[in-house]
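Asker: Here it is, the structure in full.
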Amino acid sequence: MRDPSYDILFQPVKIGPVTAPNRFYQVPHCTGMGHRYPKSEAHLRGIKAEGGWGVVSTQETEIHPTSDITPANEARLWDDTDIAALHLVTEAVHAHDSLAAIQLAHNGLHTANRYSRCIPLAPSSAPVGSDDPVQARAMDKADIREFRRWHVDAARRAKSAGFDIIYVYAGHDMTLLQHFLLQRHNHRSDEYGGSFRNRLRLFQEVIADTKDAVGDTCAVAVRLAVDELLGAEGIRCDIEAREIIEALAEEPDLWDVNLSDWSNDSQTSRFAKEGYQEAYTGFVKSVTTKPVVGVGRYTSPDTMVRLIKKGHLDLIGAARPSIADPFLPKKIEEGRLDEIRECIGCNICVSGDNTCVPMRCTQNPTIGEEWRRGWHPEIMTQKAPPKDVLVVGGGPAGLEAATSLIRGGSNVVLAEAGNHWGGRVTRESQLPGLSEWARVRDWRLGQLKQASNAELYLESPLTASEVMEYGFPHVVLATGSYWRADGVGRTHRRPLAFLDNNCVLTPDDVMAGKLDTDRSTGPIVIFDDDRFYMGSVLAELAVATSRKVVLVTPSPVVAPWSDHTLEQSRIQKRMIDLNVEIIPSSRLENLVNGRLTIECVYSSRSHEIECATLITVTSRLPNDTLWTELQEHRDHWPEAGIQSVERIGDCLAPGLIASAVHSGHKFARELLGGGTEIVRREDVNVQGL
Ligand code: ADP
Ligand code: SF4
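Every letter in the sequence shown is one number past the one before it in UniProt numbering, and letter 641, counting from 1, is 641.
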């Protein structure tokens, strides 16, 4: 039963001509599926509705070939042929009595139109937002009329696809309507440029057009960036955003307000905590009587209630919390708070869209797999009889495998060598800014500790003979990996002999506290060939020793892969703010008596720097000794009663925590259901071939 203090979250909210059944609002978010994987998209959205989200939105939906953000997989309503794919989404959402929302988008100068090769459109002539050598052309009045017509056509198509809420979108520095609002993009001297009223004109016209076209049965929502964190260069919540909302206060049926650009809107837990948008969006409800939705990585029902009661929001917006746990509302409704799988704010979900593939999530391995693998986040399909399974290793892979197996009815014994659960997640969550990552461990451990079919043993390093002796029919090894100390990685493909006799630490050493006991006083040099978060996080830790810190990387910038998680510029800024000396585009050449020779990756020119301690962040090796030993005894497995031995997670191939969780989950599904590697495809159409 739910706690009555949460009743307020389950009140219906009227939004223009439609009514949301509760206050849980899945705001538009990308999935990396869009028009290219429509069945996957529809299934993902349907699961959210099943999980209790009263409103479920699509991602941005391109309204015309002049708004083509290929290769990203967004939704499309270029013409009537796109309606059927989106109808799949509304059907899936309506099947659970939720409202379906669509975020219509014209991307203006944000996009280079790589596929359609249309000339991008903008208020004024300007280069596009990407690095493409493409310029957008200034729209004339005929273009503006055409754009308004396209938006109306798209709104009508959205209505016929069955959507209940239709967005007019001016956010993320990604849309033509926002570009017209902004002085830095709009240099026009006609009635669509110059004064505030003129810059507002097109936005106001499009809201009115949309209401006229579909407002009889559909709610018209506005998504507006209320602050860009750019100071006077951009929209500020206390000046321009307030003026815009005051001017248009009652015109839309709903205000969906957030920060811009995307990296400010979807900040990671390393840089921002739950509720980080409140200071910017808090004013909106005082300016309009229309319902307001906002986001801030909300996972706590108490925080949600507080936001409603203090009149900050009417609807609790969520993208990432709804990805990490599509059943978050249902779990609150049914009083199952300890089952909520909280988002850890890592933005691996965002990396899916940014690399143009279906999304993935560290906490929820089933996201993106709803249609193609048939995975449901709450149901473990159990086609084969429950099994007795020994899981070796209690990191993310082992914990996920064990949790999924017990949910499918199997009996699990989980043995962990160390004196704590969580493996790398526990170690890494103690690094600067990563504390929320411990939620990966905590959710799984919470489930396992309550289960009668799980036995958990710490301080149990298992040997091959012990595994053979126990004779579990199924054994899964989740024994993890360790960081290499020999320099091998993407840049140096062979071991660096000069590292042997020097003071070299790996990330494992640093996490084990060896930097604290290092008596050297000279500079700490971090060689980051991993290129994601670890190098810069260790640099933050190293700065705390008060020694000089230098970060050497073969890349031109620090942590380039973190661009996909929207963190790169924040990481670079943090390194600069902490006075970490950054030496880009360089590899290691030699280390003698505290002098490190580094070499430019382009010119091979080298120079020496002082280095008292070198931390190499290069690559990892699987911790697969147990696997190798068990293979040696393979002939004796049957007499020991062992039917299968598998490897999962980092001990199979070191990777992201999200990959380890996915690997553990996949193993459990396959053991329970006899599944295979094969995924259903929808990117091929063999009809007529
Ligand atoms: P993954 O990301 O694949 O889950 P981790 O490195 O986070 O990998 O976790 C692996 C865990 O396995 C560690 O906590 C480690 O202590 C444990 N482990 C490694 N070898 C053994 C073993 N032989 N017996 C029990 N536990 C082990
Ligand atoms: Fe949250 Fe990370 Fe999952 Fe995204 S990938 S929803 S940020 S846990």
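Built from N, CA and C at the ideal position, the CB exists for glycine as well.
All figures in this text were calculated on a predicted structure; none of them were measured in a lab.
What does DSSP give as the partner residues of Val-645 in its beta bridges?
Answerer: Bridge partners of Val-645: Val-475.
Asker: Of the choices Ala-208, Arg-114 and Thr-268, whose alpha-carbon is the least far from that of Ile-348?
Answerer: It is Thr-268.
Asker: With a CB to CB cut of under 8 Å and the five nearest residues on each side skipped, what residues in its chain are close to Thr-381?
Answerer: Same-chain partners within the cutoff: Gly-374, Gly-408, Arg-669, Leu-672 and Gly-673.
Asker: Starting from Gly-535, follow the alpha helix (DSSP H) in both directions and report where the run begins and ends.
Answerer: From DSSP, the alpha helix (DSSP H) with Gly-535 extends over 534-543.
Asker: Contact between the stretch 557-566 and the stretch 441-461 is defined here as three or more beta-carbon pairs at a separation below 8 Å; is this criterion met?
Answerer: Contact between the stretch 557-566 and the stretch 441-461 is absent, because fewer than three Cβ pairs lie under 8 Å.
Asker: What ranges does the beta strand (DSSP E) occupy inside the stretch 402-431, keeping only unbroken runs of at least 3 residues that lie completely in it?
Answerer: 411-415, all fully within the stretch 402-431.
Asker: Determine which residues share a DSSP beta bridge with Tyr-482 and list them.
Answerer: Partner(s): Leu-621.
Asker: Any idea if Lys-211 is buried or exposed, counting beta-carbon neighbours within 10 angstroms, 16 or more meaning buried?
Answerer: Lys-211 should be labelled buried.
Asker: When every heavy atom of ligand 2 is checked, does at least one fall within less than 6 Å of the C-beta of Gly-345?
Answerer: Yes, since a heavy atom of ligand 2 falls inside the 6 Å radius drawn around the Cβ of Gly-345.
Asker: Below 6 Å CB to CB, which residues in the same chain sit around Trp-150 once its five sequence neighbours on both sides are set aside?
Answerer: Contacts found: Ile-63 and His-64.
Asker: Can you check whether the CB of Ser-260 is closer than 7 Å to the CB of Gly-171?
Answerer: Yes. Within cutoff.
Asker: In this structure, what does DSSP give as the bridge partners for Arg-680?
Answerer: Arg-680 is not bridged to any residue.
Asker: Is Cys-361 near ligand 2 - that is, is its Cβ less than 6 Å away from at least one heavy atom of it?
Answerer: Indeed, a heavy atom of ligand 2 lies less than 6 Å from the Cβ.
Asker: Specify the secondary structure class of Gly-294 as computed by DSSP and reduced to three states.
Answerer: In the structure shown, Gly-294 sits in a strand (DSSP, three-state: E or B).
Asker: My understanding is that Gln-103 touches Glu-41, with C-beta atoms under 8 Å, so please give their C-beta distance in whole angstroms.
Answerer: Actually they are not in contact, since the Cβ atoms of Gln-103 and Glu-41 sit about 13 Å apart, beyond 8 Å.
Asker: Pop quiz: Val-392 and Leu-462 are said to be a contact at Cβ under 8 Å. What is the actual Cβ separation, rounded to whole angstroms?
Answerer: Val-392 to Leu-462, Cβ: 5 Å. Contact.
Asker: With burial defined as no fewer than 16 other Cβ atoms inside 10 Å of the residue's Cβ, what is the status of Val-684: buried or exposed?
Answerer: Flag for Val-684 reads exposed.
Asker: Return yes when at least one heavy atom of ligand 2 lies under 6 Å from the C-beta of Cys-600, else no.
Answerer: No, the beta carbon of Cys-600 sits no closer than 6 Å to any heavy atom of ligand 2.
Asker: Can you check whether the CB of Ser-520 is closer than 7 Å to the CB of Thr-613?
Answerer: Closer than 7 Å, so yes.
Asker: Given a cut-off of 7 Å, decide if Arg-197 and Pro-123 are closer than it, judged by their beta-carbon atoms.
Answerer: No, the pair does not count as a contact, with Cβ atoms beyond the cut-off.
Asker: Could you tell me how far apart the beta carbons of Gly-480 and Gly-395 are, in whole angstroms, since I believe they sit closer than 8 Å?
Answerer: The Cβ separation is near 5 Å, so the contact holds.
Asker: Do you know offhand how far Thr-66's Cα is from Thr-111's?
Answerer: If you take the alpha carbons of Thr-66 and Thr-111, they lie about 9 Å apart.
Asker: At a threshold of 6 Å, does Arg-306 count as lining ligand 1 (C-beta to nearest heavy atom)?
Answerer: Outside the cutoff, so no.
Asker: Can you check DSSP and say which residues form a bridge with His-607?
Answerer: Answer is Ile-598, bridged to His-607.
Asker: If you compare alpha carbons, which of Pro-252, Ala-512 and Ala-539 is closest to Val-525?
Answerer: Ranking the options by Cα distance to Val-525, first place goes to Ala-539.
Asker: So Asn-590 is in the beta strand (DSSP E); what residue range does that whole segment cover?
Answerer: First-last of the beta strand (DSSP E) with Asn-590: 586-592.
Asker: Determine the direct distance from the alpha carbon of Pro-386 to that of Ser-322, and round the result to whole angstroms.
Answerer: Going from the Cα of Ser-322 to the Cα of Pro-386 covers about 30 Å.
Asker: Under DSSP, the alpha helix (DSSP H) around Lys-159 begins and ends at which residues?
Answerer: Looking at the DSSP string, the run of the alpha helix (DSSP H) that includes Lys-159 is 141-160.
Asker: Which residue spans inside the stretch 293-329 form an unbroken alpha helix (DSSP H) run of at least 4?
Answerer: With a minimum length of 4 residues, the continuous alpha helix (DSSP H) runs that stay inside the stretch 293-329 are 301-309 and 320-324.
Asker: Does the pairing of the stretch 121-140 with the stretch 7-22 give three or more beta-carbon distances under 8 Å?
Answerer: The stretch 121-140 is not in contact with the stretch 7-22.
Asker: Determine which residues share a DSSP beta bridge with Phe-24 and list them.
Answerer: In the DSSP output, where bridge partners are listed per residue, Phe-24 has Ile-316.
Asker: Beta strand (DSSP E) containing Lys-14: first to last residue?
Answerer: Counting along the chain, the beta strand (DSSP E) containing Lys-14 begins and ends at 13-15.
Asker: Would you call the stretch 601-611 and the stretch 434-443 touching, i.e. three or more CB-CB distances under 8 Å?
Answerer: No, because fewer than three Cβ pairs between the stretch 601-611 and the stretch 434-443 fall closer than 8 Å, the two stretches do not touch.
Asker: Can you tell me which residues form a DSSP beta bridge with Pro-127?
Answerer: Paired residues: Gln-135.
Asker: Under a three-way DSSP split, which group does Ala-464 fall into?
Answerer: In this structure, Ala-464 counts as helix in the three-state DSSP scheme.
Asker: Could you have a look at Phe-527 and say whether DSSP puts it in helix, strand or coil?
Answerer: Reduced to three states, the DSSP call for Phe-527 is strand.
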